[in-house]
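Protein chains in written order, with our numbering: chain L, 1 to 138; chain P, 139 to 396; chain E, 397 to 733; chain A, 734 to 1011.
Glycine included, C-beta positions come from ideal geometry on N, C-alpha and C.
Here the structure is a predicted model, which is why all the values come from computation and not from measurement.
To start, the structure under review is shown below, and the notes come after it.
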Amino acid sequence: MSEPKIVAFMCWCSGSGADQAGVEKISYPTGIMPVRIPCSALLGPELVIKAFERGADGVIVSACKPSDMRRVAPSRLTEARLEILRSLLKEVGIEGERLQMAWISSQEGAKFAEEVSKAAERIASLGPLEFRKVTKPV
Amino acid sequence: MIGYEKGSSPGRARPCFVSSPQDATRLVWNQYCAASLPKYLIGAKDKVGIVAKGCDGRAIVELIKDKQVDRDRIVIIAPACLGVKRASQTSRKEILAGYCERCSNRISPIADIAILGNSNEKDAAERFARDVKAGKPSKRGILWMEEFQRCTKCLACIKSCPLCYCTECELDGSLSSLVSKLRMPTELPTFHLIRAMHMAGRCVGCGACEAACPADIPLTDLYSRINEEVEKMLGYVPGIDVNTTPPVELPRPKVEKK
Amino acid sequence: MTPFCITESSLKHLVDQLAKEQTVMAPVKEGSGFSFKRIANGEGLCLDFTNSTVPPKSVLLPQLEELFTYEVKSGKVRTAGSTGGDTVTLIGVRPCDSSAFSVLDRVMGGEYIDPYYSRNRERTLVLGVSCSRPEPTCFCNVFGTGPVEGSSDDISLTRVDSGYVTRPKTKKGREFIEKHTEYFREATQKELELFELESSRVNKSMEAKLKSEGLPERMSKAFDDPYWQELSRRCIECGVCSFICPTCYCFDVVEEVNGNQGRRSRGWDTCQSCKFSRMAGGLDPRPTKPDRLKHRFYHKLQYMPMTFGAISCVGCGRCVSRCPSNVDIREVIAKWQ
Amino acid sequence: MAVNPYVPIRAKVKEIREDTSETRTFVISPEVSDAKSRFAFRPGQFLQLTVFGVGEAPISVCSSPEDLPLIQMSIRRIGTVTEAMHDIRVGDFVGLRGPYGNGWPVEKLKGRDVVLVAGGIGMAPLRPLMSTSRNVTDKSGSTTLCYGARNPSLLMYKSEFPRWTESGASVKLTVDQGDAGWNGRVGVVPALLDDLEVDKASAVALTCGPPVMIKFTARKLAQLGYKPENIYASLESMMRCGIGKCGHCHFGSKHVCLDGPVFSYSDMLSLPKGLAPI
């Protein structure tokens, strides 16, 4: 199949990770559309769902490792929230793997490329998502 | 005092507001008392009494947690509930509502006055509890995407939900462009998925949305499935205890006092 | 023209034939109710239903209808035709819903004619079907909008044991029968007698407690009555009543923009929403729940009679059976009759 | 084929004037050859203005019919459409359809004393009458304009006041809050009505402005002895279609778009409370 369309929501820090991948000239799949957000915990499930509606085959949320965060770890929230969203997607017949999460900090360019490529591969193997035509339960 | 009175046709009961002892004779309690009463507590200024089924009690607990209702201003009268009946759309029979088959607790978790009924009713309640075994698992394999396409986007699910107290809703199309105000077919799954996410870990299974839905979409089935997942993942069940905190919430950072 | 008769099987064949050439809309079982959908052949036809959940106004005034598309930058507008289009045969419209079309006709006509509605109206042939077992919530007899025939039927069908007694009501209906004459035969004397029997049976099966005479006049004096406050307390403003009402026509207009392409569409709205009459800047002429609930009842029972001379409730009973808080328009009528 | 009333006509923005910090006046020219006849309007009528990609809003015309095919509209930044209109530049395209509504009772003004009462942006629908005031009153009655705003900088069309005075109208101004350069009156608009030399029994009063102002102006005029059927106000309401279909501006048995926006005080008293601020 052709390159899957993947929306990558990334927080400030992991966004710099993606920049770092660029600086180090590490290639990663071209179907990725990066959207930078201040913090992954600010990402409401609404936007992820909307991304699927608007034709994304998959969504990657990249966030700081909770261990890298000071005092409280908002990305724990993100994780729990996405976990719930994933079970909801499964319930309505969308494969849970289409929603991926990656822990990337600001200097990890190589890791970003690797994680994203892995996720893209998994999403590609699921084939294109036709959100509106999914009617079969998984 | 908020309770139920006889409805306009047989097989209906409806919310009723009583403000004097004489009026209290209007109140009834039967298996048609389906409407969700905690909805009327939101924004109520006076001290009110409320008749609460098990699910209504759970909704009140959630409302107290969310600081929409002041526990000190309400008096909860909790009768034992046998599940509500609704008229079937296809045959002219009355059936037990689907969401009541799944009810985990038919008595309100918080009550000021609990009415357990006479022995007959008690027997019936026990029988009910035995039959239902603290909640059947929800139906699986519903073709949700097809169900969503039936949606008329009337927003009745939101308006009837006792836990939807936001004055501005992001799903009605006036606040954001997430979902249009009109019924755009491609946005129907989005609408329902977002609403399901908002209900995750909050839905108390009262079935108000399902009862109001003109398209008969079994919404509580979906919400209860997600609640099961939330319980598995985070060990949280909504509407049980006023003192628990919602599952997806940050621990407050401790600010050191100087 | 004398009445005709069509047997059940002929009707199915007729639908088979029609579905090949044009759009045939009929009630289809969906979920736990019925809704009007396009059917592909006579097999899909089912006239044994009480009434559809969503009224057939959706055929004439779709829930979502494109007005036009445009280019955002240049402002060039393209209309996707407010004329022409397929002929639509709408089979299985209950008398109340058919009479509701007359209400919509009055609103959508007048000084400015609504081009989209009138296009849909002109191309639609309405085959009404009499009720055989009205629901306890039905009260069309109060306004004379049923239960045997509706005022917008092109052809009225009434079930008798040998098939359907077919009475053409309009020129369009007569032409239709002439065109498809092989499916119809003239009704026999016995069938006509059965029709009379059936009509009076259905009429008698409905309660006749309510009266609509003088209702608008009495309501115009009751505008500030505390009754409305009390009534609206249990209303939760869900708006289901207006979505499933066959005569509610209010719509909202929205824009969709994708790059330089824009589209303006309209779709059903409800006056029960707190944002229905709120203006930019926050002023709202109907700021409270009683105002809004009152508006709905007054619109149907008083304003419309004042403007168009007829009450615009047709007594289909949908809002009565569907209201989650059991706000019952029959009680409102009973209160002010 | 009849004209589709829902489709706006493309129009070009020719000029934009910054009147106050929150209002701008747009000079718009419809891109059709028969604009003069198609948009022939009466003072007080409104047009549905489309900002492409954003939406539509009813806006009253503030220029004189004599200026056709050019149309002027003064727009205050208040909602999504008007906000977007303030981002429009000269040369951009907008959409227009109309004119709709009943407009001011121009026929009735002939030979009578006319009192125009306006507040803030409420001056806009009255401006066409000022530009043609001498014709309107048929030269036998007087024309008085009582106009107020929150502060002096928010008074609209200031540059035109001298011309209006020259043509024989008396212009009375007031503001809620003065500033350093203001030496006129300070106070509410209805206070200007106290000592007018007009024949109150036959005079016609036309008012437009914020609901509160309309409310007190109408009451005051009635108290002063103006006849309720001679007091007119231009009301506003949420509206979508402008042609009596969408139901948003339906109040009582009236549609603001068809039967209004100008209502007489006696009409307003019979309408449900809320729309008519009385």
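Task: Backbone secondary structure at residue 302 of chain P - three-state DSSP - done: Taking the second sequence and counting its residues from 1, one reaches residue 302 of chain P at position 164. If DSSP states are grouped into helix, strand and coil, residue 302 of chain P belongs with coil.
TODO: Tell me, please, whether the CB atom of residue 446 of chain E is closer than 7 Å to any CB atom in chain P?
DONE: Residue numbering aside, residue 446 of chain E sits at position 50 when the third sequence is read from its first letter. Residue 446 of chain E is outside the set of residues whose beta carbon lies under 7 Å from a beta carbon in chain P.
Open item on the list: Let's test the definition: count the other Cβ atoms within 10 Å of the Cβ of residue 81 of chain L and tell me whether it reaches 16, buried, or not, exposed.
Closed with: Taking the first residue of the first sequence as 1, we reach residue 81 of chain L at position 81. Answer is buried; the Cβ neighbour count reaches 16.
Open item on the list: Does residue 657 of chain E come out as helix, strand or coil in the three-state DSSP assignment?
Closed with: To locate residue 657 of chain E, count along the third sequence from 1; it is residue 261. DSSP places residue 657 of chain E in strand when its eight states are reduced to three.
Open item on the list: Counting C-beta neighbours from all protein chains within 10 Å, is the total for residue 324 of chain P 16 or more, i.e. buried, or is it exposed?
Closed with: Counted from its first residue, the second sequence places residue 324 of chain P at position 186. Result: exposed.
Open item on the list: Let me check one thing: in DSSP terms, what residues is residue 792 of chain A bridge-paired to?
Closed with: Residue numbering aside, residue 792 of chain A sits at position 59 when the fourth sequence is read from its first letter. Answer is A/780.
Task: Whether residue 358 of chain P touches residue 339 of chain P by CB criterion (7 Å) - done: As a first step, residue 358 of chain P must be located in the second sequence, where it is residue number 220. As a first step, residue 339 of chain P must be located in the second sequence, where it is residue number 201. Result no, Cβ atoms of residue 358 of chain P and residue 339 of chain P do not sit closer than 7 Å.
- [ ] At 9 Å on the CB atoms, spell out the chain E contacts of residue 292 of chain P, in chain order.
- [x] For the purposes of this step, residue 292 of chain P is taken as residue 154 along the second sequence, with counting starting at 1. 634, 635, 636, 638, 639, 640, 664 and 666, listed in chain order.
Open item on the list: Please report the distance separating the alpha-carbon of residue 531 of chain E from that of residue 717 of chain E.
Closed with: One-based indexing of the third sequence puts residue 531 of chain E at position 135. One-based indexing of the third sequence puts residue 717 of chain E at position 321. Straight-line Cα distance between these residues: approximately 10 Å.
Task: Residues, ordered as in the chain, of the stretch 44-56 of chain L that lie near chain P by beta-carbon distance below 7 Å - done: Within the stretch 44-56 of chain L, those residues whose Cβ lies closer than 7 Å to any Cβ of chain P are, in chain order, 45, 46, 49, 50 and 53.
TODO: Note down the Cα distance separating residue 850 of chain A from residue 938 of chain A, rounded to an integer number of angstroms.
DONE: Walking along the fourth sequence from the start, residue 850 of chain A turns up at place 117. Walking along the fourth sequence from the start, residue 938 of chain A turns up at place 205. Taking the straight line joining both Cα atoms gives about 7 Å.
Open item on the list: Quick check: the Cα distance between residue 709 of chain E and residue 497 of chain E, rounded to an integer number of angstroms?
Closed with: Translated into the one-based positions of the third sequence, residue 709 of chain E becomes position 313. Translated into the one-based positions of the third sequence, residue 497 of chain E becomes position 101. Counting only the Cα atoms, residue 497 of chain E lies some 11 Å from residue 709 of chain E.
TODO: Kindly indicate which three-state DSSP category residue 78 of chain L falls into: helix, strand or coil?
DONE: Counting from 1 along the first sequence, the entry for residue 78 of chain L is found at position 78. Shown here, residue 78 of chain L sits in a helix according to DSSP, grouped into three states.
Task: Coarse secondary structure for residue 985 of chain A, derived from DSSP in three states - done: Looking up residue 985 of chain A in the fourth sequence gives position 252. Here residue 985 of chain A sits in coil by DSSP.
Task: Sheet register partners of residue 805 of chain A (DSSP bridge) - done: Position 72 of the fourth sequence holds residue 805 of chain A. Answer by DSSP bridge pairing, in chain order: A/760.
Task: As assigned by DSSP and simplified to three states, the class of residue 200 of chain P - done: Counting from one through the second sequence, the residue named residue 200 of chain P turns up at place 62. In the three-state DSSP reduction, residue 200 of chain P falls in the helix class (H, G or I).
TODO: Could you tell me which chain E residues have their CB closer than 7 Å to the CB of residue 829 of chain A, listed as they occur along the chain?
DONE: The residue labelled residue 829 of chain A in the question sits at position 96 within the fourth sequence. By Cβ distance, chain E contributes nothing, its closest Cβ being about 10 Å from residue 829 of chain A, past 7 Å.
Open item on the list: Can you tell me which residues form a DSSP beta bridge with residue 448 of chain E?
Closed with: Locating residue 448 of chain E in the third sequence gives position 52, where the first residue counts as 1. DSSP lists no bridge partner for residue 448 of chain E.
Open item on the list: Whole angstroms are fine: how far does the CA of residue 719 of chain E sit from the CA of residue 169 of chain P?
Closed with: Stepping through the second sequence from its first residue, residue 169 of chain P is reached at position 31. Stepping through the third sequence from its first residue, residue 719 of chain E is reached at position 323. C-alpha separation (whole angstroms): 17 Å.
Open item on the list: Need the endpoints of the beta strand (DSSP E) that residue 904 of chain A sits in, please.
Closed with: Taking the fourth sequence and counting its residues from 1, one reaches residue 904 of chain A at position 171. Secondary structure note for residue 904 of chain A: its beta strand (DSSP E) is the uninterrupted segment 903-908.
Open item on the list: Is there a C-beta anywhere in chain E that falls below 7 Å from the one on residue 153 of chain P?
Closed with: Position 15 of the second sequence, counted from the first residue, corresponds to residue 153 of chain P. Yes - at least one Cβ of chain E is within 7 Å of the one on residue 153 of chain P.
Task: Collapsed DSSP secondary structure at residue 927 of chain A in the structure displayed - done: Translated into positions along the fourth sequence, residue 927 of chain A becomes position 194. Reduced to three states, the DSSP call for residue 927 of chain A is coil.
Open item on the list: According to DSSP, residue 664 of chain E sits in a beta bridge with which residue or residues?
Closed with: On the third sequence, position 268 is the one that residue 664 of chain E refers to. Partner(s): E/647.
Task: residue 630 of chain E versus residue 143 of chain P: straight-line alpha-carbon distance, rounded - done: Stepping through the third sequence from its first residue, residue 630 of chain E is reached at position 234. Stepping through the second sequence from its first residue, residue 143 of chain P is reached at position 5. Distance between the alpha carbons of residue 630 of chain E and residue 143 of chain P: 11 Å.
TODO: Report all residues from its chain with a CB closer than 6 Å to the CB of residue 228 of chain P; omit the five preceding and five following residues, and keep chain order.
DONE: The count along the second sequence starts at 1 and reaches residue 228 of chain P at position 90. Legend: pLDDT at residue 228 of chain P = 48, less than 50; position of this residue unreliable, value from coordinates given subsequently. For residue 228 of chain P, there are no CB contacts under 6 Å within the same chain when 5 residues up- and downstream are skipped.
Task: Where the alpha helix (DSSP H) containing residue 34 of chain L begins and where it ends - done: What you label residue 34 of chain L is simply residue 34 of the first sequence in a count that begins at 1. Unbroken run through residue 34 of chain L is the beta strand (DSSP E), 32-37; no alpha helix (DSSP H).
- [ ] Tell me where the alpha helix (DSSP H) around residue 238 of chain P begins and ends.
- [x] What you label residue 238 of chain P is simply residue 100 of the second sequence in a count that begins at 1. Per DSSP, residue 238 of chain P is one residue of the alpha helix (DSSP H) stretching across 236-239.
- [ ] Less than 8 Å between the CB atoms is what I'm expecting for residue 57 of chain L and residue 6 of chain L, so what's the real figure, rounded?
- [x] Within the first sequence, residue 57 of chain L is the residue found at index 57, counting from 1. Within the first sequence, residue 6 of chain L is the residue found at index 6, counting from 1. Sure, about 6 Å apart at Cβ, within 8 Å.
- [ ] Residues of the stretch 532-543 of chain E with a CB closer than 8 Å to any CB of chain P: list them in chain order, please.
- [x] Shown in chain order are the members of the stretch 532-543 of chain E whose Cβ falls below 8 Å from a Cβ of chain P: 532 and 533.
TODO: Please indicate yes or no: does the CB of residue 766 of chain A lie closer than 6 Å to some heavy atom of the ligand PLP?
DONE: Summarising the ligand content, the structure contains no ligands, and the ligand PLP is consequently not present.
TODO: Report the rounded CA-to-CA distance for residue 108 of chain L versus residue 20 of chain L, giving the unit in angstroms.
DONE: Mapped onto the first sequence, residue 108 of chain L falls at position 108. Mapped onto the first sequence, residue 20 of chain L falls at position 20. Rounded to the nearest angstrom, the two C-alpha atoms are 7 Å apart.
- [ ] Please confirm whether residue 833 of chain A and residue 920 of chain A have their CB atoms less than 7 Å apart.
- [x] The count along the fourth sequence starts at 1 and reaches residue 833 of chain A at position 100. The count along the fourth sequence starts at 1 and reaches residue 920 of chain A at position 187. Not in contact: residue 833 of chain A and residue 920 of chain A (Cβ atoms no closer than 7 Å).
TODO: Alpha carbon to alpha carbon, how far is residue 198 of chain P from residue 213 of chain P? Give it in angstroms, no decimals.
DONE: Counting from 1 along the second sequence, the entry for residue 213 of chain P is found at position 75. Counting from 1 along the second sequence, the entry for residue 198 of chain P is found at position 60. When rounded, the distance between both Cα atoms is 11 Å.
- [ ] Report yes if the C-beta distance between residue 821 of chain A and residue 756 of chain A is below 7 Å; otherwise report no.
- [x] What you label residue 821 of chain A is simply residue 88 of the fourth sequence in a count that begins at 1. What you label residue 756 of chain A is simply residue 23 of the fourth sequence in a count that begins at 1. In this structure, residue 821 of chain A keeps its C-beta atom at 7 Å or more from the C-beta atom of residue 756 of chain A.
- [ ] Using DSSP bridges, identify the partner residues of residue 505 of chain E.
- [x] Translated into the one-based positions of the third sequence, residue 505 of chain E becomes position 109. DSSP output for residue 505 of chain E lists no bridge partner at all.
Task: Which of helix, strand or coil DSSP assigns to residue 976 of chain A - done: Numbered from 1 along the fourth sequence, position 243 holds the residue referred to as residue 976 of chain A. Residue 976 of chain A carries a coil assignment under DSSP once its states are collapsed to helix, strand and coil.
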